[in-house]
Each structure stands twice: as structure tokens, then as C-alpha cells.
DNA sequence: CCAACTGTATTACCCGTATAATACACCCGT
DNA sequence: ACGGGTGTATTATACGGGTAATACAGTTGG
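Chains as they are written, first to last, in my numbering: chain A, 1 to 115; chain B, 1 to 115.
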């Protein structure tokens, strides 16, 4: 979980990636707040904040006392995947252009650093 | 000055880019703290923090009462350029790999989004 | 049934970032 | 020389992110 953006956003993004790739599908159980926070070594409140956001976005469903689970349609999952991919690409391209390199130079740099 | 990292770091990075590209060279005067802060619409203390960092890195020189100016060797400027470029590329590649795309797919996506 | 686990909520605290308002010592051009 | 601009410093305030400790209501499985 490397990165400097807020932890709770890293968690939501990570789960969205799993949803986008199909590793997490509708009906799948999620680790409890306490469980995941212990595993990640962060505060339960931080995980709760992430789960709350995901619930507000309609991606997961929670009931008091019971475990939370993924709750979305296939179309929604696919749309999430497209959105994440596009955002990632756009950000990478913006960053690459800012270096002042040409497209060809940038591409060959990316190829050189890929492994 | 778009981005979500601390403003004072955005300022140092921006000035380092100008140094790396040669638009700012040894001896060049910098805008005063108050001037730049007014132009950017941020607090003078924030600019001061950025300038202080740059001075600690030995990139600029300040004297009480007088304007600050760029102070570095050509080798240092070139080294900064290399370091920035490498960091940018590495970050972009990391981000691209995380999407799960293959190298070829990533490259064609970058080409498609370049303009 | 009931103990263990779950989601939820609240309160307090810390740290980094950023703003705001001053104040002071210093340089420089007119 | 002197006034305006400069670097520098200090204090206070605010906010978001994160931690910590605790409490309560609800579900669930043995």
C-alpha cells in the first residue's frame, strides 16, 4: 500500500481495482473493519472511513452486526474498471508530457524502465 | 499549479524544473517571497518554506534585505534534470504497470491519450 | 441461548499544511 | 539618507488526516 495519498483513499482505490479486475464480485464478503485494519496496520477508523465512502458510492452493503459485502451490477463493475484505467492513463500521460520529452522519447523511456 | 501535494513542494519542484530546463540559470534573480505569493495566491509563509528548502539544498542564495538568486553549478543543474526525469518516468511506469496492462497495451494507450 | 464478533458512534489528541497578522533587521535605488 | 522593498521570525488559528480508547446495538454460529 505504497503512496502518499490519504490511506482511506488508497483503500477505496485498492478495493475498486479488485472489483474492476473481477477478483471481487457481487455478493463477496469483505474483511471486517477491525480485521482489515489489523492486517494493514492502520486505525479501524481509517478503514471505516474507506468502507463508508464505498457504501456511499453504492459499491458495498453493510448491516449493523453483520459483515459487509460487495453489492453492484456487472455493468457498474465494468464502468469502474474503465474509469480507473482512463484516470491512470491520463495522469501518467500528463506526468510524462510535463518532462518536456517528445512522445517517442517518452515511449522509449517507458519501455526502458518497464522491468 | 495543479496537484494535491503540499504547495511548498509544488513550488520547489516547479523551480527545479525551470532550473533543469535551463530557463533559470546561475545568478538569475528570483521573485521575492511576497511577490511570488501574491502571484500564486498563496501565503507568503508557504513560499518562504519553499525558498528555505531550496536554500538548504544549495540551489538558491538569500541575503537579508536583498533579493534571492539562483546559485548552482552547471553540473548540479544537469544532475537535477536527470534526477527529476528519472523520478517522473519511474512513477509513470509504476502507475501504468499497476493497471494490469501489458507494456504494448500501455504504450498504445499513452500514444492514444498524448494529445 | 449467549459469547464472540460485527457495524457504528463519540470523544480526545497529535501532526503537517496553510493562512493571517505582525514585527524587525537589512539592502538598494532615487 | 531615507523610504520602499527585501529576507526572516514569531504567534495564533484552522483544517484534514490519522490514531487511540471506549461504548453500544445488532448479528451469527456453536
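Positions of the beta carbon are idealized from the N, C-alpha and C atoms, including for glycine.
Computed from a predicted structure; not experimentally measured.
Could you give the C-beta distance for residue i and residue j, rounded to a whole number, given that I count them as a contact under 8 Å?
| i | j | result |
| --- | --- | --- |
| residue 93 of chain A | residue 107 of chain B | 11 Å between Cβ atoms; not a contact. |
| residue 89 of chain B | residue 113 of chain A | 5 Å |
| residue 130 of chain A | residue 77 of chain A | Past the boundaries of the shown model lies residue 130 of chain A; chain A is included only from 1 to 115, so the question cannot be answered. |
Closest by CA to residue i, which one among the options?
| i | options | result |
| --- | --- | --- |
| residue 27 of chain B | B/99, B/79, B/102, B/73 | B/73 |
| residue 71 of chain B | B/21, B/29, B/6, B/4 | B/29 |
| residue 69 of chain A | A/55, A/88, A/91, A/78 | A/55 |
| residue 95 of chain A | B/65, B/18, B/91 | B/91 |
| residue 86 of chain B | A/86, A/100, A/41, A/76 | A/100 |
| residue 6 of chain A | A/58, A/75, A/53 | A/53 |
| residue 17 of chain B | A/103, A/102, A/98 | A/98 |
| residue 57 of chain A | A/104, A/103, A/15, A/64 | A/15 |
| residue 24 of chain A | A/32, A/59, A/40, A/41 | A/59 |
| residue 61 of chain B | B/31, B/42, B/41 | B/31 |
| residue 102 of chain A | B/115, B/104, B/105 | B/115 |
| residue 157 of chain A | A/63, A/75, A/40 | Because chain A here runs from 1 to 115, residue 157 of chain A falls outside it and cannot be looked at. |
With three or more C-beta pairs closer than 8 Å as the rule, is the region 29-47 of chain A touching the region 7-14 of chain A?
yes
Which parts of the region 6-49 of chain B are runs of the alpha helix (DSSP H), unbroken and 4 residues or longer, counting only runs that do not cross its ends?
Taking only runs of at least 4 residues, the alpha helix (DSSP H) segments lying wholly in the region 6-49 of chain B are 7-20, 33-40.
Quick one, which residues of the region 82-94 of chain B are near chain A if we go by CB-CB under 8 Å, in chain order?
Cβ contacts with chain A come from 84, 85, 88, 89, 90, 91, 92, 93.
Inter-stretch contact (C-beta, 8 Å, three-pair minimum) for the region 76-93 of chain A and the region 43-55 of chain A
no
Counting only Cβ-Cβ distances shorter than 7 Å, please list the residues of the region 11-40 of chain A near chain B, keeping chain order.
Correct list: 21.
Anything in the region 40-69 of chain B with a Cβ closer than 9 Å to a Cβ of chain A? List those residues in chain order, please.
none
Can you give me, in chain order, the residues of the region 101-112 of chain B that have a beta carbon less than 9 Å from any beta carbon in chain A?
101, 103, 106, 107, 109, 110, 111, 112
Enumerated in chain order, which unbroken segments of the alpha helix (DSSP H) with a length of 4 residues or greater are wholly contained in the region 52-112 of chain A?
Unbroken alpha helix (DSSP H) stretches of 4 residues or longer found wholly inside the region 52-112 of chain A: 74-98, given in chain order.
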